[in-house]
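Structure, as structure tokens:
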Amino acid sequence: MKFAVVVFPGSNCDHDAYHVAKHVLGAEAEFVWHKDTSLGGADVVVLPGGFAHGDYLRTGAIARFSPVMQEVKRFAAAGGPVIGICNGFQVLLESGLLPGAMLRNRSLQYQCEHVFVKVEQTDTPFTLACRPGQVLRIPIAHGEGNYYAEPEVVARLEQNRQVVFRYTTAAGEPAPEANPNGSVNNIAGLCNESRNVVGLMPHPERACELALGSADGLVVFESVVKAVAEGEMSVRR
Amino acid sequence: MRARVFVTLKPSVFDPQGTTVTEALHALGFDAVRDVRQGKYFELDVDAASVEQARRIVSEAADKLLANPVIESYRVELEERAAQPAGAPRHPAAVAEATK
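Line order of the protein sequences matches chains A and B. Be aware that the first sequence starts at 1, since it is given in the working numbering, and climbs by one per residue. Be aware that the second sequence starts at 238, since it is given in the working numbering, and climbs by one per residue.
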């Protein structure tokens with residue numbers, strides 16, 4: 001069971017993800033430089049948070065062309081589990097692995113706080129160990145997390161049950177006041193149609209140990225360990 | 238060939254920065270300003286044999302990188318430049334526009 005954590009110039013949550021995989025879960029983990037052309041035989045790929053290429057032009061717009069992204073696309077097309085967290089989610093959007101785009105937060109402020117996120121779907125490799133409707137308390141830290149897609153795209157996402165995480169109150173209500181950035185339909189995270197690629201703005205990797213104020217994010221990583229162990233996500237290599 | 242690319246959010250997309258600038262202008266007394274949409278502006282120096290070729294190259298660059306078609310649209314302006322020493326006055330032999 002091996003995690004590949006992709007490192008772009010400007011990634012800054014790569015070590016958090018590596019720490020969770022290696023030291024909290026006891027799995028193998030390896031950093032993969034963005035210019036690498038191999039994922040090193042990993043079972044899971046993490047695109048971490050940060051400011052890849054300084055967020056120049058648009059968040060994720062340059063990272064999308066990094067050589068490793070060709071491998072990530074191949075891995076995803078073969079059914080391999082890929083998670084993009086925060087900036088990693090923005091990279092997935094820019095690269096077309098997930099639909100939609102990010103706008104500046106409605107507040108125009110960099111929002112850095114713990115929020116409540118409801119797990120809407122448990123049939124993805126990153127949520128299968130969650131209870132249906134489980135509410136996680138995990139942090140966000142972003143300036144551009146205001147998810148946008150054309151209304152017909154959003155309708156299709158809802159119909160296909162591709163909205164995996166939604167900003168809610170502690171009780172799991174998707175209220176406007178629980179929406180930290182203005183995302184359409186309180187969307188915090190999505191999956192692709194084949195459900196193996198997941199992106200979310202909140203940071204589960206920063207909430208995997210009680211010493212950090214919450215361990216609610218751990219279930220995301222435990223889920224994918226379980227998914228790989230059960231062989232549901234075996235990738236032909 | 239000099240190309241200018243103007244990238245703006247699509248009209249249907251909410252522009253939080255433009256809205257904030259509008260509010261700031263109103264606070265300063267610019268009540269005549271009804272709305273502001275903020276965008277990006279690029280100047281490209283392009284090697285191309287014709288305006289048409291330059292437009293093709295620049296439009297492809299905008300489609301692939303400069304604009305995100307999910308939220309943004311762009312407009313291209315082209316200006317043919319004769320080979321002149323730097324600083325010499327330019328004669329815009331042809332100005333062409335394309336909008337997408």
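Beta carbons are placed, not taken as given, at the ideal position from N, Cα and C, and that holds for glycine. Small disclaimer: the values here were computed from a predicted structure and weren't measured.
With DSSP run on the structure shown, which of helix, strand or coil describes A:Ala101? The sequence position of residue 101 of chain A within the first sequence is 101, counting from 1. Three-state DSSP puts A:Ala101 in a strand.
Less than 8 Å between C-beta atoms, sequence neighbours within five positions excluded: which residues of the same chain meet that for B:Val295? Taking the first residue of the second sequence as 1, we reach residue 295 of chain B at position 58. Hits under 8 Å: Ala240, Val242, Leu281, Val283, Val313, Leu315.
If you scan the stretch 137-193 of chain A from start to end, which runs of the alpha helix (DSSP H) of 4 or more residues do you find wholly inside it? 151-159
Just to confirm before moving on: does the CB-CB distance between A:Val32 and A:Val5 stay below 8 Å? The residue labelled residue 32 of chain A in the question sits at position 32 within the first sequence. The residue labelled residue 5 of chain A in the question sits at position 5 within the first sequence. In this structure, A:Val5 lies closer than 8 Å to A:Val32 by Cβ.
Does the Cβ of A:Asn160 have 16 or more other Cβ atoms within 10 Å, making it buried, or fewer, making it exposed? As a position in the first sequence, residue 160 of chain A is number 160, starting the count at 1. Exposed.
Can the beta-carbon of A:Ile140 be found less than 8 Å from the beta-carbon of A:Pro180? If you number the first sequence from 1, residue 140 of chain A lands on position 140. If you number the first sequence from 1, residue 180 of chain A lands on position 180. It is a contact, given that the beta carbons lie within the stated cut-off.
Give a yes or no on whether the C-beta atoms belonging to A:Pro202 and A:Ala188 are separated by under 8 Å. The residue given as residue 202 of chain A occupies position 202 in the first sequence. The residue given as residue 188 of chain A occupies position 188 in the first sequence. Yes, these two residues count as a Cβ contact at 8 Å.
Taking only beta-carbon positions, decide if B:Val273 is within less than 8 Å of chain A. Here residue 273 of chain B is taken as the residue at index 36 of the second sequence, counted from 1. No - not a single Cβ of chain A is within 8 Å of the one on B:Val273.
Assign A:Gln162 to one of two classes, buried (16 or more other C-beta atoms within 10 Å of its C-beta) or exposed (fewer than that). Numbered from its first residue, the first sequence carries residue 162 of chain A at position 162. The residue in question, A:Gln162, is buried, as its Cβ has 16 or more Cβ neighbours within 10 Å.
Can you list, in chain order, the residues of its chain with a C-beta nearer than 7 Å to that of A:Glu209? Leave out the 5 residues immediately preceding and following it. One-based indexing of the first sequence puts residue 209 of chain A at position 209. Apart from sequence neighbours up to five positions away, the residues of its chain that approach A:Glu209 with a beta-carbon distance below 7 Å are Val24, Ala215, ordered along the chain.
Give the residues of chain A in contact with B:Ile294, contact being defined as C-beta atoms less than 9 Å apart. Working through the second sequence from its first residue, we reach residue 294 of chain B at position 57. None at all; the shortest Cβ gap to chain A is about 17 Å.
How would you list, in chain order, the residues of chain A whose beta-carbon sits under 7 Å from the beta-carbon of B:Leu315? As a first step, residue 315 of chain B must be located in the second sequence, where it is residue number 78. Neighbours of B:Leu315 on chain A: none; closest Cβ ~21 Å, over 7 Å.
Sequence-distant residues of the same chain with beta carbon closer than 6 Å to A:Ala17, five excluded per side: Here the question's residue 17 of chain A lines up with position 17 in the first sequence. Here the set comprises Val5, Val46, Pro48, Glu205.
Alpha carbon to alpha carbon, how far is B:Leu262 from A:Glu158? Give it in angstroms, no decimals. The sequence position of residue 158 of chain A within the first sequence is 158, counting from 1. The sequence position of residue 262 of chain B within the second sequence is 25, counting from 1. Cα to Cα, A:Glu158 sits roughly 39 Å from B:Leu262.
Outcome for A:Arg166 when other beta-carbon atoms lying within 10 angstroms are tallied against a minimum of 16: For this step, residue 166 of chain A is matched to residue 166 along the first sequence. Flag for A:Arg166 reads buried.
Answer yes or no: does any C-beta atom of chain B fall closer than 8 Å to that of A:Arg236? The count along the first sequence starts at 1 and reaches residue 236 of chain A at position 236. Low confidence applies to A:Arg236: its pLDDT is 42, below 50, so where it sits in the model is not reliable enough to give any reading.
Name the two residues that bound the continuous alpha helix (DSSP H) containing A:Arg239. Only positions 1 to 237 of chain A appear in the structure, and residue 239 of chain A is not among them; the question remains open.
Whose C-beta lies closer than 8 Å to the C-beta of A:Glu177 among residues of the same chain, with five residues either side of it excluded? Counted from its first residue, the first sequence places residue 177 of chain A at position 177. The residues are Thr169.
C-alpha distance - B:Ala304 paired with B:Glu260, whole-angstrom precision: Locating residue 304 of chain B in the second sequence gives position 67, counting from the first residue. Locating residue 260 of chain B in the second sequence gives position 23, counting from the first residue. Distance between the alpha carbons of B:Ala304 and B:Glu260 is about 26 Å.
Residue-chain proximity (B:Leu262, chain A), Cβ-Cβ < 8 Å: The residue you call residue 262 of chain B lines up with position 25 of the second sequence. Taking Cβ atoms only, chain A never reaches closer than 8 Å to B:Leu262, which makes this a no.
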